[in-house]
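Below is one structure; the comments refer to it alone.
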Amino acid sequence: MDSPHPVYDVADRYVDAYAALRPIDATFAGIDGHDHRWGDLGPDGVEEAADLFRRTRAQLAALPPGEDRWAQLAVRVLDDDLALQLEGHDHDDPLRDIAHIASTIPETREALEVQDTSDPDGREAVVARLEGYADALEGWRAKVDRGRQRGRVVAQRQVRSTTSQLHELAEDDGPLRRVATAVVAADGALADRVQAALPAAGAAATRTARWLTEIYLPGASEADGVGEERYLRSARGFLGSDLDPAETYAWGWDRIGELTARARSVARELSPDTDLPATIARLRGDPAFAAPNPDAFREAMQARQSAALDALDGVHFDVPGPIRRVEVKLAGGGAPGAYYNGPSEDFSRPGTIWWSLPEDGPVPLYEEVSTAYHEGFPGHHLQIGIQVGLADRLSRAHRTLIWNPGYGEGWALYTEQLMDELGMFEHPAYVLGYLAGELLRATRVVVDIGLHLGWRIPDTAPVHAGEAWDFPRAVDALQQLAFLPAGYADSEVTRYLGWPGQAISYAVGQRAIVGLREERRRRDGAGFELKAFHADVLGSGPVGLDLLRAVVLGFEHR
Numbered sequence: 011m012d013s014p015h016p017v018y019d020v021a022d023r024y025v026d027a028y029a030a031l032r033p034i035d036a037t038f039a040g041i042d043g044h045d046h047r048w049g050d051l052g053p054d055g056v057e058e059a060a061d062l063f064r065r066t067r068a069q070l071a072a073l074p075p076g077e078d079r080w081a082q083l084a085v086r087v088l089d090d091d092l093a094l095q096l097e098g099h100d101h102d103d104p105l106r107d108i109a110h111i112a113s114t115i116p117e118t119r120e121a122l123e124v125q126d127t128s129d130p131d132g133r134e135a136v137v138a139r140l141e142g143y144a145d146a147l148e149g150w151r152a153k154v155d156r157g158r159q160r161g162r163v164v165a166q167r168q169v170r171s172t173t174s175q176l177h178e179l180a181e182d183d184g185p186l187r188r189v190a191t192a193v194v195a196a197d198g199a200l201a202d203r204v205q206a207a208l209p210a211a212g213a214a215a216t217r218t219a220r221w222l223t224e225i226y227l228p229g230a231s232e233a234d235g236v237g238e239e240r241y242l243r244s245a246r247g248f249l250g251s252d253l254d255p256a257e258t259y260a261w262g263w264d265r266i267g268e269l270t271a272r273a274r275s276v277a278r279e280l281s282p283d284t285d286l287p288a289t290i291a292r293l294r295g296d297p298a299f300a301a302p303n304p305d306a307f308r309e310a311m312q313a314r315q316s317a318a319l320d321a322l323d324g325v326h327f328d329v330p331g332p333i334r335r336v337e338v339k340l341a342g343g344g345a346p347g348a349y350y351n352g353p354s355e356d357f358s359r360p361g362t363i364w365w366s367l368p369e370d371g372p373v374p375l376y377e378e379v380s381t382a383y384h385e386g387f388p389g390h391h392l393q394i395g396i397q398v399g400l401a402d403r404l405s406r407a408h409r410t411l412i413w414n415p416g417y418g419e420g421w422a423l424y425t426e427q428l429m430d431e432l433g434m435f436e437h438p439a440y441v442l443g444y445l446a447g448e449l450l451r452a453t454r455v456v457v458d459i460g461l462h463l464g465w466r467i468p469d470t471a472p473v474h475a476g477e478a479w480d481f482p483r484a485v486d487a488l489q490q491l492a493f494l495p496a497g498y499a500d501s502e503v504t505r506y507l508g509w510p511g512q513a514i515s516y517a518v519g520q521r522a523i524v525g526l527r528e529e530r531r532r533r534d535g536a537g538f539e540l541k542a543f544h545a546d547v548l549g550s551g552p553v554g555l556d557l558l559r560a561v562v563l564g565f566e567h568r
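Counting from 11, one number per residue, gives the positions in the sequence shown under the working numbering.
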């Protein structure tokens, strides 16, 4: 048997080095041995990471050519990701690490929540991180302060959101306290250390919030948008393809029109004498389409995962044994919505869907059925679970660290469409909830591009026709076009402004995958197999959209 190409060894060593430098990312990726540390979150840590990226690229460049497509893919994917990381470093992007969602402060909370505390080592790791939280925040502050001194500042809106999250972390019933309480409940011997660590961690969060308000905020940008150059660079990184903003913007408005027309038709099935917004408002308040409380909601979403697995496995997908289990949990704070955290690389930690619910009381279900498919089966859990298990073809870096939103979010949104096509929304209310979600993703396209590029709203648009995009109009557009509640819409627009180009990756990626499916169908004719197409998309691992096209059309599933 031939020896594996040396790229796999390079990738293995890169994962180990990266995990040591960035323990938070290691926690999310399920790489053992780093859950007790935060790593150097300061400017020195940024430079050490850049050095690792450069060294690894040099090692890849020195490798012999790959003789099979998987070795070639391993080299290409890792090199592309390293180049992207270095491009961001060259533009000082790590020094702008202040954002509503995609930044270190919310990630520290999420890391503590996803850590495995089922055994003594896991609980000890959480306590060690609580004990090191003040030093971690001090390093992070030094990093963003260097950005401030270089003029690499973020918008005031992102600073205010991060400040609010820091205050929330420090609250007596905040996320730090909730995590610590769970640890002590499982192991009372840790109580003394926890009681000593919590006040120091909370005081550090409060101190950091004060610094942001008093020192950073006065010099932060008043403009929310990042401008064309940075936006297109960022979007290219998220998509793995060059964006035509004008064509995509026009397509986004067309998509909104198509989806709205269908949503109105479904609404008439539910309430013939009520318009679309009123029908959705009724569904949100109807006990028949709500869980009575968050725990009941979690149980309903868990049951939805089991039902989807039973219906799809062996028919449209082959689901490997190690990922047949997925957990649904409730997050302890942060922006409302859902997110997925994949299994550990040895599958000892299962994949988990996290829901952050805005308040206690009844939780509307009508639009969360499609979210359950997006985050779990057959969306992110199937996609990432298969990816983690493909050790026979994908490098360790590809399986554990690399993520391409155009591919990943595009796949998850494609699976929502697929479940609609397969009739898996068993009630018109759930179809309407799915369409509301689709409208949200389409509206994201026009809002994200319009805000960051400073464009005007078309004269033919159904909202604010001919006006210039700004924050209030964007929030209103999400309320009118995608039916979001006011607070959720506000959080969403804040998210887009702090994460330029990411919001469009869902709908643009879905569009690309659906296009590939139809191109494959035309090519294969009567021999087209949907299951084989899915296997090829999932078997590629996360890749940019241009590369995905080459992989899916370049070879047949074996």
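All C-beta atoms in this analysis are idealised placements derived from N, C-alpha and C, irrespective of residue type, glycine included.
When we look at the beta-carbon of residue i and count the other beta-carbons within 10 Å, is it buried (16 or more) or exposed?
{"i": "Gln175", "result": "buried"}
{"i": "Asp50", "result": "buried"}
{"i": "Ser358", "result": "exposed"}
{"i": "Asn351", "result": "buried"}
{"i": "Asp458", "result": "buried"}
{"i": "Ser128", "result": "exposed"}
{"i": "Ile225", "result": "exposed"}
{"i": "Ser13", "result": "exposed"}
{"i": "Gln125", "result": "buried"}
{"i": "Gly229", "result": "exposed"}
{"i": "Gly371", "result": "exposed"}
{"i": "Arg79", "result": "exposed"}
Which residue marks the beginning of the beta strand (DSSP E) containing residue i, and which one marks its end?
{"i": "Tyr2", "result": "The question about residue 2 has no answer, for the chain in this structure spans 11 to 568."}
{"i": "Trp48", "result": "First-last for Trp48: undefined, no H or E at that position."}
{"i": "Gly389", "result": "No beta strand (DSSP E) holds Gly389; DSSP gives it neither H nor E."}
{"i": "Ile108", "result": "No beta strand (DSSP E) contains Ile108, which DSSP labels as neither H nor E."}
{"i": "Trp150", "result": "From DSSP, Trp150 is part of no beta strand (DSSP E) but of the alpha helix (DSSP H) over Tyr143 to Gln159."}
{"i": "Trp364", "result": "Gly361 to Ser366"}
{"i": "Val338", "result": "Val336 to Leu340"}
Are the CB atoms of residue j and residue i within a distance shorter than 8 Å?
{"i": "Asp107", "j": "Lys153", "result": "yes"}
{"i": "Tyr349", "j": "Leu442", "result": "no"}
{"i": "Val276", "j": "Leu494", "result": "no"}
{"i": "Gly549", "j": "Leu400", "result": "yes"}
{"i": "Ile523", "j": "Gly395", "result": "no"}
{"i": "Thr410", "j": "Ile41", "result": "yes"}
{"i": "Leu450", "j": "Pro472", "result": "no"}
{"i": "Arg167", "j": "Asp234", "result": "yes"}
{"i": "Tyr498", "j": "Leu461", "result": "no"}
{"i": "Val379", "j": "Phe307", "result": "no"}
{"i": "Asp500", "j": "Val485", "result": "yes"}
{"i": "Gly386", "j": "Ile412", "result": "no"}
{"i": "Ala291", "j": "Ser231", "result": "no"}
{"i": "Tyr241", "j": "Gly511", "result": "yes"}
{"i": "Phe481", "j": "Pro388", "result": "no"}
{"i": "Leu92", "j": "Val17", "result": "no"}
Might you give, ordered along the chain, the residues of its own chain that have their beta carbon closer than 6 Å to the beta carbon of residue i, omitting 5 neighbours on each side?
{"i": "His567", "result": "For His567, the predicted model reports a pLDDT of 39, less than 50, meaning its position is unreliable and no value from the coordinates is stated."}
{"i": "Met429", "result": "Tyr383"}
{"i": "Arg335", "result": "Pro360"}
{"i": "Ala313", "result": "none"}
{"i": "Met11", "result": "Any reading at Met11 is ruled out, since the residue's pLDDT is 40, under 50, leaving its predicted position unreliable."}
What does a CB cutoff of less than 7 Å around residue i pick up in its chain, not counting 5 residues either side in sequence?
{"i": "Val553", "result": "Val87, Gly250, Asn414, Tyr417 and Val561"}
{"i": "Ala211", "result": "Leu140, Tyr143, Ala144 and Leu186"}
{"i": "Glu502", "result": "Leu488 and Leu494"}
{"i": "Arg151", "result": "Thr218 and Trp221"}
{"i": "Gly464", "result": "Gly235"}
{"i": "Ala196", "result": "Thr127 and Arg133"}
Excluding sequence positions up to five away, which residues of its chain have a Cβ less than 8 Å from the Cβ of residue i?
{"i": "Val193", "result": "Thr127, Arg133, Val136, Val137, Leu200 and Val204"}
{"i": "Asp356", "result": "Gly40 and Asp42"}
{"i": "His44", "result": "Ala29, Ala30, Pro33, Ala36 and Thr37"}
{"i": "Arg533", "result": "Leu563"}
Ends of the alpha helix (DSSP H) at residue i?
{"i": "Val193", "result": "Pro185 to Ala196"}
{"i": "Leu375", "result": "Here Leu375 belongs to no alpha helix (DSSP H), and DSSP marks it neither H nor E."}
{"i": "Thr172", "result": "Gln166 to Ala180"}
{"i": "Glu471", "result": "Reading the sequence as shown, one finds Ala at residue 471 and not Glu. Premise fails: Ala471 is in no alpha helix (DSSP H) and is neither H nor E."}
{"i": "Ser113", "result": "Note, Ser113: premise wrong, no alpha helix (DSSP H); not H, not E."}
{"i": "Val325", "result": "Taken as a continuous stretch (DSSP letters only), Val325 belongs to no alpha helix (DSSP H), as it is neither H nor E."}
{"i": "Arg483", "result": "Phe481 to Ala492"}
Report the residue ranges of all alpha helix (DSSP H) runs contained in full by the segment 216–300; include only those spanning at least 4 residues, in chain order. 238–249, 255–280 and 286–295
Any chance you could list the alpha helix (DSSP H) runs of at least 4 consecutive residues sitting entirely within the segment 411–448, in chain order? 415–431
Which parts of the segment 495–534 are runs of the alpha helix (DSSP H), unbroken and 4 residues or longer, counting only runs that do not cross its ends? 496–508 and 515–534
Which runs of the alpha helix (DSSP H) fall wholly inside the segment 21–99 and span at least 4 residues, in chain order? 33–39 and 53–71
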